[in-house]
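Protein chains in written order, with the working numbering: chain A, 1 to 307; chain B, 308 to 614.
By construction, the Cβ of each residue, glycine as well, lies at the ideal position given by its N, Cα and C atoms.
Shown next, in structure tokens, is the structure this report addresses.
Protein chains: 2
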Amino acid sequence: MKHFDVVGLGLATLDILVQTPRLPNSNDCFPIAALEMQGGGPVATALVALSKLGANCNYLGSIASDDTATQIISELHRYGIDTEHCPKRDSGVSSASVILVEQSNGQRAILFQKSTSQDLQPEEVPLDLIKNARALHLDGFFTPAAIHAARIAREHNVLVSLDGGAGELMWDELTELLPLVDILVVAKKFAFETTGKQDILVAGMNLLNTYRNQQVVITDGEHGSWYWDRHTHFHQPAFQVDVVDTTGAGDTFHGVYLYACLQPEWTPQYRLKFASAVAALKCTQIGGRKGIPTLAQTQQFINSYQN
Amino acid sequence: MKHFDVVGLGLATLDILVQTPRLPNSNDCFPIAALEMQGGGPVATALVALSKLGANCNYLGSIASDDTATQIISELHRYGIDTEHCPKRDSGVSSASVILVEQSNGQRAILFQKSTSQDLQPEEVPLDLIKNARALHLDGFFTPAAIHAARIAREHNVLVSLDGGAGELMWDELTELLPLVDILVVAKKFAFETTGKQDILVAGMNLLNTYRNQQVVITDGEHGSWYWDRHTHFHQPAFQVDVVDTTGAGDTFHGVYLYACLQPEWTPQYRLKFASAVAALKCTQIGGRKGIPTLAQTQQFINSYQN
């Protein structure tokens, strides 16, 4: 079996992005600025970011049998992401969203369709795929399969990374999964809800102490991100850019942060700075994926950036 | 060169149909009932209807180079429609629409993107393709090419059919094109605007006398349609069905009416009844194409229909 840098187990969707002068009323008919279809989903977009930076990635999830599924998979292949271990379902529609982005303010209205295909099952997770990877990235979808994969990863010293808050974790699933996670990166809202705390500094320490993760990162959009491990704690401000669309910024951050964790010579400070830079650059173009830069572009942006 | 029953010269688009409980406000995020992608465009959907009924069809238009174009063309191929004479453009985006259909009342809000590819040009219309067809169907897009094709058709006794009012005809283009048309089928709004009359019976006679078409049909949705030729005039009521979505009902009517005109044994009355029946059946499913019935289904519907 082929060895991958990262196996991502979670959601892959199609985003239909509509850049519109305004939201429609009944019987309206007017031209829009742009219409774009780009794949989405927390794990799938994280893998695209990893792959663009040069990591060797595999996507694992269940695939519906509709045209949308074909579009989702062929885009992953274009980014060089392997999907050969995904079980294919005979029926059901794929996850997809229509995202109306208002041109005046960049605000988004999201109309989503959930997949009606059967979830990825624990017995569909190939043991060799996980144990031969350097890292496993999860997003809280297909949770029984994700917990099973995280256990395999732990036994074989494969790093486990979780995008907390994107998926649909129940409390008991969460308490089972979180202690299996090495790299826990969560949005502020998720950190507050999980810990019951209302202060980022308290919530971060609480997560680290409760679930004994190697490292915890809390993100808060334009306010930047916070890092904790056993030895260090610090804050990384967000990079200031002209924001066109924030779709997928969090997914991208997670993928890039994991990429950074796989670079043994990088300090925690540079890991967070690097992930913040890529997430910011992503927001300068429409859609969750098009704006994701390469390694060289990111380094150039960081070097030339003046606060 | 292959001989076709119908060559359609005009617009092919992609419709993204969203069946939604309500229209969105800023920052909304909610689930929708259905998301469907179906090809659209007046001429392209008319050809799908013709093809489903058994006619042998060719689509002629310019094709952009984006993923949407690939989707548009592969759907036409699935319906058995030939596209081999379409010039391909190196740049530009395809025509596409996001159509939000409100579940409560079936009303539609349409957000559209116009193609930025170069139009089909008159010199790109293959002479043999047109002169060997039984009919040419136009929709008011790519007008210089459409006028050129209509002239060829006229010279070679190929029927010319026009979906008036769908496209973007300027007044001088209209007055050049209309006298070249044998089968003129227009919506009430177009008939009123073109003739300056505000009465369907007056407008229909006015069109027939001004442009000397073989036959004129005016459609008015649920109020039915009206027919004129040199000898006859009558009204066809609309069929009553449970309407889910009216997208493409007009396009379908045009295609089916042309199909009916190619059946030499059918009376004008049966032609209009048949086209009305297919257009009504189309409205019982979402999207412009999925609900279009076969010949046998239509005949069965007409026979079993009780007013």
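For A203/A, I'd like the list of residues in its chain whose CB is within less than 7 Å of its CB, leaving aside the five on either flank, ordered along the chain.
-> The answer, listed in chain order, is A191, F192, T195, K197 and I218.
Members of the stretch 23–47 of chain A near chain B, C-beta cut-off 8 Å = For the stretch 23–47 of chain A, which is checked against every Cβ of chain B, the residues closer than 8 Å are L23, P24, N25, S26, N27, D28, C29, F30, P31, I32, A34, L35 and M37.
Could you check what DSSP says for L14/A in three-state terms: helix, strand or coil?
-> Strand at L14/A.
State the start and end residues of the unbroken alpha helix (DSSP H) segment that holds E480/B.
-> Run containing E480/B: W478 to L484, per the alpha helix (DSSP H) assignment.
Classify H231/A as helix, strand or coil using the three-state DSSP reduction.
-> Coil at H231/A, not helix or strand.
Which first and last residues belong to the alpha helix (DSSP H) in which Y211/A is found?
-> From DSSP, the alpha helix (DSSP H) with Y211/A extends over I200 to Y211.
Is the CB of A416/B under 7 Å away from at least one CB in chain A?
-> With 7 Å as the cut-off, A416/B counts as an interface residue toward chain A.
Please state whether DSSP places P338/B in a helix, a strand or coil.
-> Here P338/B sits in strand by DSSP.
Cα separation between S91/A and L469/B?
-> Roughly 40 Å between the two C-alpha positions.
In three-state terms, what does DSSP make of K395/B?
-> Three-state result, K395/B: strand.
Just the chain B side, please: which residues come within less than 8 Å of E102/A by C-beta, in chain order?
-> From the beta-carbon of E102/A, the residues of chain B found nearer than 8 Å are S333.
Please classify R78/A: is it buried, with 16 or more other beta-carbons within 10 angstroms of its beta-carbon, or exposed?
-> Counting Cβ neighbours within 10 Å, R78/A comes out exposed, since fewer than 16 surround it.
In whole angstroms, what is the alpha-carbon distance linking R22/A and E102/A?
-> If you take the alpha carbons of R22/A and E102/A, they lie about 6 Å apart.
Simplified DSSP assignment, three categories, for Q363/B | The sequence shown places Asn at residue 363/B, not Gln. Of the three classes helix, strand and coil, the one that applies to N363/B here is coil, per DSSP.
Continuous beta strand (DSSP E) stretch holding L159/A: start and end | L159/A -> beta strand (DSSP E) spans L159 to G164.
Cβ of Q543/B within 7 Å of Cβ of L579/B?
-> Yes, Cβ-Cβ distance for Q543/B and L579/B is below 7 Å.
From the DSSP output, in three-state form, read off A442/B for me.
-> DSSP, read as helix, strand or coil, puts A442/B in strand.
In whole angstroms, what is the alpha-carbon distance linking F541/B and G474/B?
-> Each residue's alpha carbon lies about 27 Å from the other.
M37/A vs I16/A beta-carbon contact at 7 Å | For M37/A and I16/A, yes; Cβs fall inside 7 Å.
Would you kindly work out how many angstroms separate the C-alpha atoms of L47/A and F560/B, rounded to a whole number?
-> For L47/A and F560/B, the distance between alpha carbons rounds to 47 Å.
Sufficient close CB pairs (3 or more, under 8 Å) joining the stretch 313–323 of chain B to the stretch 348–363 of chain B | Remark: three or more beta-carbon pairs, one from each stretch, lie closer than 8 Å, so the stretch 313–323 of chain B and the stretch 348–363 of chain B are flagged as touching.
Which of the three DSSP states, helix, strand or coil, is assigned to A187/A?
-> Three-state DSSP puts A187/A in a strand.
If you follow the beta strand (DSSP E) that L111/A is part of, which residue opens it and which one closes it?
-> Note, L111/A: beta strand (DSSP E), R108 to Q113.
Length of the line joining the Cα atoms of V405/B and I593/B = In a straight line, the C-alpha of V405/B is about 13 Å away from that of I593/B.
In angstroms with no decimal places, state the Cα-to-Cα distance between A356/B and L383/B.
-> Approximately 11 Å, taken between the alpha carbons.
Listed in chain order, which residues of the stretch 107–137 of chain A have Cβ atoms closer than 8 Å to some Cβ of chain B?
-> For the stretch 107–137 of chain A, the set of residues with a beta-carbon nearer than 8 Å to any beta-carbon of chain B comprises Q107, R108, A109, I110, L111, F112, Q113 and K114, in chain order.
Listed in chain order, which residues of the stretch 65–78 of chain A have Cβ atoms closer than 7 Å to some Cβ of chain B?
-> From the stretch 65–78 of chain A, only D67 have a Cβ closer than 7 Å to chain B.
State the CB to CB distance for the pair L445/B and A453/B, rounded to an integer number of angstroms; the pair is presumed to be in contact (CB under 8 Å).
-> With a Cβ gap of about 5 Å, L445/B and A453/B count as contacting.
Residues of the stretch 79–103 of chain A whose Cβ lies closer than 8 Å to any Cβ of chain B, in chain order | Result list: V93, A96, V98, L100 and E102.
Minimum Cβ-Cβ distance from T20/A to chain B less than 7 Å | So yes, T20/A belongs to the interface.
CA nearest to the CA of E123/A, picked from C57/A, G140/A and P144/A | Looking at C57/A, G140/A and P144/A, the one whose alpha-carbon comes closest to that of E123/A is P144/A.
What is the residue span of the alpha helix (DSSP H) that L487/B lies within?
-> Going by DSSP, L487/B is part of no alpha helix (DSSP H) at all; its letter is neither H nor E.
Would you kindly report the start and end of the unbroken beta strand (DSSP E) that includes G224/A?
-> G224/A -> no beta strand (DSSP E), and no H or E assigned at all.
Can the beta-carbon of G387/B be found closer than 7 Å to that of S358/B?
-> Here G387/B is near S358/B, since their CB atoms are less than 7 Å apart.
I593/B CB to nearest chain A CB: under 7 Å?
-> Among the CB atoms of chain A, none fall inside 7 Å of the CB of I593/B.
Within-7 Å CB hit, I16/A to chain B | So yes, I16/A belongs to the interface.
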